[in-house]
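One structure is given here, and the rest of the page talks about it.
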Amino acid sequence: MEANQSLQENSKSFDLNTEKQEEDTIIHNGEGSASGALKIKEYDLKAQDCSDQVVKKKRRRKSKREAEIEPLSLKKKVDNDKVTASVIGIRLNPLNEAAQEDKSEEVNGGIVKKRRGRKRKTLDKGEASDAKVKDQANAEEELKDDHEEHSGFSKQSRRGKKRKTSNKDDEASDAKAEDQSNGESEMPSESSIQRRSLRSARRHSNTQEIPKVKRNVKFTEEECLMCHQCQRNDKGEVVRCTSCKRKRYCLFCLKNWYPEWTNDVVAEACPVCRGNCNCKACLRSDELIKKMKQEVKEKRYQGNEVELSKYLLIRLLPFVRQLNEEQMLELVIEAKRQGLSLSELNIEKAKYSLKERVYCDNCKTSIFDYHRSCRKCSFDLCLTCCHELRDGQLLGGADPVELEFIKCSLDYLHGGKEKKKIKEPEIHEFQLKSEPDIRGWSRSGWHAESDASIPCPKVNDGCCHGFLELKSIFGQIFISELVYKAEELAKAYKLQNAIETPGNSCSCPKISRNSDVRNNTRKAASREDSSDNWLYCPRAVDLRPVDLKHFQWHWDKGEPVIVSDVLECTSGLSWEPLVMWRAFRQITNTKHGQHLDVKVLDCLDWCEGEINIHQFFTGYTNGRYDWENWPQILKLKDWPPSNLFEERLPRHCAEFISSLPFKEYTDPLRGALNLAVKLPNKCLKPDMGPKTYIAYGVAQELGRGDSVTKLHCDMSDAVNVLTHIVDVKLEHKSIVAIDTLKLKHLEQDKRELFRDDQEGETNVGMSTSSPSTVDGLSNGSELQDVEKVKMKHENIMSTGEDASDGALWDIFRRQDVPKLQEYLKKHFREFRHVHCRPLNQVMHPIHDQTMYLTEEHKRKLKEEYGIEPWTFIQKLGDAVFIPTGCPHQVRNLKSCIKVALDFVSPENVGECFRLTEEFRTLPINHKSSEDKLEVKKMTVYAMDNVVKNLEKTRSGET
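Written out as structure tokens, the structure is:
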């Protein structure tokens, strides 16, 4: 009965639509006669008879044959009237489609072309008829749909979905949506509005409205099954939060995304209440990020900013004086050259934007203030290069070095002999660029004149050895005035005597040297007659404001500091790889496109490749193996890029910042003792992180292909937090393969170090070693001894048996660097790097970052030179502070995710200055040659900031 009512309503709607279409057509064709009206009445009677027949039919399902015959019979009834057929304008029989496509009719001089399944399109011959033709096309579509409903058709609509005829409410909503879509482009005519209102009113009268159920508090708290994590309500039982009483989590999501939580813990306070929910919505929530940043700000410094400014003033004053003396020396030379006094000398101020990085065209060192520049070609030269040119020995900006890398076969990587050498460019992890940097000018014959003036070395159409003029960025007397103000403040606050030390002695408990257990300390070395074998290692949850002095005492001596359990001070956000991937993927889908393939480094041959991010994280959890069942160790490179870490992983970035201890140094936003934040907001700032280090790892030291960060020295201080680990158990077949391949590796080392297969080829380098001193591989007995030593050290240091063990660290003291470099220069051919081939060339043994000292090398280093590093295992939640100037290396004992942040502390500014001078002497195509830190600029801005703050405070006191 409901079906008959629906069909009857559609037939009446059909009548109204047909009447309007007929009127429009008669007007267009000029048929306004009485005969036209009679034809309309005649068609109405025929349509009424048709609709009555449909209504009287019993409610039963039509057969396939009836569905095919009915449209033919309907067409036969209306075929006698040509006017009616032109009004309907639809194809009732598919057999007539070919003939109908070729037909067209004239409407006021315009041609209306008919297309299947689309509205009629009118050519631009009469804009006045466009609106009427569109109304006619819309009405025809409605008539077509209504007729298909009468005839039992289930033809597909324009949107690709089938029209539903079983539910009256669905019919009404579909018709309403269709009417709205047809009327979006232009306002309908008055008659069409009337027709739609009549049809809507008729359907509305026969439809019972279902009242909306307003969900009350009881429904939300007791009945709703919608999981906050997956936003589904069909997964069965949920755990309801008794704290907020609004959130609930299904058992499936709790098991997958919160495996360490019990149901009782979630019921007590859900992840949303605890601030560590890792659903997509919460990972992208700005509210959580703002809240965490606000919490970081509220815990800052606790009203101790004046004391910290004083400490910064007395620490930076010697280095600002040094910069001022270098500039005054150049002023004296320039005044003498021009024959003027210092008071008469006028230095031109250079015009540079704050967002522009100015560097020396010779040595790549950053230029912060005084420099010499060519007026014609804009060639810039730093003061250090100027002094070296006048002394006749230009050390900065060494000539580029060409490198040659030989690609080897896969068999060679695991001890096989090299069959064929293929020279081709490769993408690899090396500190020298594969192609030399072309200067565009020559240093040959370049020297200063007798009057200390320096000519421009470039020769081109616009410049012909013009002299370099002295210019200033800050202003001629800016640095001098800054030094004067700082010295006056030091006198006013009585800070001029000496550098204020945090304390006379360390407050660590004094316990017998034989004891291996101390509170807040960790044993890291066994040097004889040394007081720094133990490292300061407090727990983050126990830190108090007074512990800052204790930290500064060790930090000032250049010692690393380990702060344990820093993750306990956070909200507990998950650092699982898939959680990070989901947060990152949410961003990439909206702004940055798909990032499914990532760049990785293979630690066996140190070559770069690409892998699907999901495949990488699967190997991170379960392990990967190469064609020989050797563990394949991969390191994820630049994911996400450090300059986009906060943008792409904002929730994890805030979590990391909140975990950092000693925020006076580590706060990347407003750290009072972090010089990196003193640069103006509009100034181009160096990339200080945070940055992630994600890599596989195994406990056993493989000797080749280990998950390592090779020996290097950073330009700035750094703090490194271990946020996640996974213990990947090696398969039995892999353990057997490791034992077999290690023997082949040792045999290969013996062959190549003795030069048996090098065919008389000589290597270029700095080695002075002989075969008898190379790695103890001169005979079979020594091979056995080396293997025993390696196994012994692996059992003692590298097993990672503790569930929280993550990475093995070796950090060398600054005073041991000269001996370390001497050892590396002597034994550098014993190390392998790109394509797993022995090194044949070294620019700098540390800054090249091409060597990792195994347990055997560290043993030999202590025997030959009497030095050893601080060696310790970084556990989950440990934050390791590495001072500037301390070479260090890391080996992962498990798959690890580490997050690091760089900062510049006032205690280590001198080391930053020293490293800047050291880096400028490297070849110009060396990746470390460019001064990206700009520590001298940082120092000047930091001192200027301190002087302004203290002057403001002093004026307020007086």
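Each step along the sequence shown adds one to the number in full-length UniProt numbering, with nothing skipped, and position 573 is 573. The beta-carbon is built from N, C-alpha and C at its ideal position, and this holds for glycine as well.
Could you tell me the distance, in whole angstroms, from the CA atom of residue i to the CA atom of residue j?
i: K407; j: A448; result: 45 Å
i: V598; j: M580; result: 14 Å
i: D845; j: D717; result: According to the sequence shown, residue 845 is Pro rather than Asp. The straight-line gap from Cα to Cα measures roughly 20 Å.
i: V546; j: G392; result: 52 Å
i: L820; j: S378; result: 41 Å
i: residue 960; j: D878; result: This structure cannot speak to residue 960, because the chain is shown only from 1 to 958.
i: F913; j: I611; result: 40 Å
i: K606; j: Q849; result: The sequence given here places Trp at residue 606; Lys does not occur at that position. C-alpha separation (whole angstroms): 12 Å.
i: D565; j: T723; result: 10 Å
i: K549; j: D556; result: 10 Å
i: E305; j: S804; result: 37 Å
i: H592; j: K494; result: Because H592 carries a pLDDT of 47, less than 50, the predicted location of this residue cannot be relied on, and the following value inherits that uncertainty. Straight-line Cα distance between these residues: approximately 55 Å.
i: V698; j: R832; result: 19 Å
i: A281; j: Y941; result: 40 Å
i: V726; j: Y620; result: 8 Å
i: S450; j: L950; result: 46 Å
i: G313; j: I924; result: Per the sequence shown, residue 313 should be read as Leu rather than Gly. If I take the Cα positions, the gap works out to 35 Å.
i: M943; j: P680; result: 13 Å
i: L383; j: D361; result: 12 Å
i: C279; j: R751; result: 56 Å
Among residues of its own chain, excluding the 5 on either side of residue i, which ones have a beta-carbon nearer than 8 Å to its beta-carbon?
i: L308; result: Y301, E664, A672 and L673
i: N945; result: K678
Where does residue i land, buried or exposed, given buried means 16+ other C-beta within 10 angstroms?
i: L937; result: The question names Leu, yet the displayed sequence has Lys at residue 937. That one is buried.
i: C227; result: buried
i: T939; result: buried
i: L669; result: exposed
i: H827; result: buried
i: T365; result: buried
i: residue 971; result: This structure cannot settle anything about residue 971, because the visible part of the chain is limited to 1 through 958.
i: K898; result: buried
i: I477; result: exposed
i: V320; result: buried
On a CA-only basis, which of the options is nearest residue i? Give me that one, please.
i: L644; options: F617, K691 and D626; result: K691
i: R539; options: N519, H844 and W553; result: N519
i: L660; options: N533, D602, K235 and V880; result: V880
i: E628; options: G416, L901 and P906; result: G416
i: R315; options: D802, E856, A486 and L808; result: A486
i: V563; options: K875, L901 and T884; result: K875
i: F872; options: Q815, W809, L933 and S905; result: W809
i: W553; options: V358, N949, P906 and E934; result: P906
i: Y865; options: V909, E822, L901 and E856; result: E822
i: S480; options: M328, V935 and F252; result: M328
i: Y484; options: Y625, P318 and E608; result: P318
i: M688; options: P631, K291, N324 and V904; result: V904
i: G623; options: V320, Q700, V728 and E701; result: V728
i: residue 960; options: S526, F662, S734 and P577; result: Since the displayed the chain opens at 1 and closes at 958, residue 960 lies outside it and no answer follows.
Take residue i and list the residues in its own chain whose beta-carbon comes closer than 7 Å to its own, dropping the five residues that flank it on each side.
i: S928; result: Q431, H847, F919 and L922
i: T521; result: C508, W534, L535, Y536 and C537
i: F584; result: P640, R648 and L649
i: K682; result: L354 and K355
i: V817; result: P887
i: G956; result: none
i: E325; result: none
Note down, in chain order, each residue of its chain lying with its Cβ closer than 6 Å to the Cβ of residue i, except the 5 sequence neighbours on either side.
i: N276; result: S571, G572 and L573
i: K635; result: L601 and A695
i: E171; result: Model confidence at E171 stands at a pLDDT of 41, short of 50, so the residue's coordinates are unreliable and nothing is read from them.
i: C250; result: C227, K235 and V238
i: D638; result: none
i: L345; result: A335
i: C244; result: C273
i: W441; result: P457 and K458
With a cut-off of 8 Å, does the C-beta of residue i fall near any C-beta of chain B?
i: M226; result: Structure shown: chain B not included; a single protein chain is present.
Item to check | Contact between the region 368-381 and the region 452-460 (3+ Cβ pairs under 8 Å) | outcome: yes
Checklist entry - Is the region 705-715 touching the region 889-897, taking contact as three or more C-beta pairs under 8 Å? => result yes
Next on the checklist: For the pair the region 742-750 and the region 669-689, tell me if three or more CB-CB distances fall below 8 Å.
Outcome noted: no
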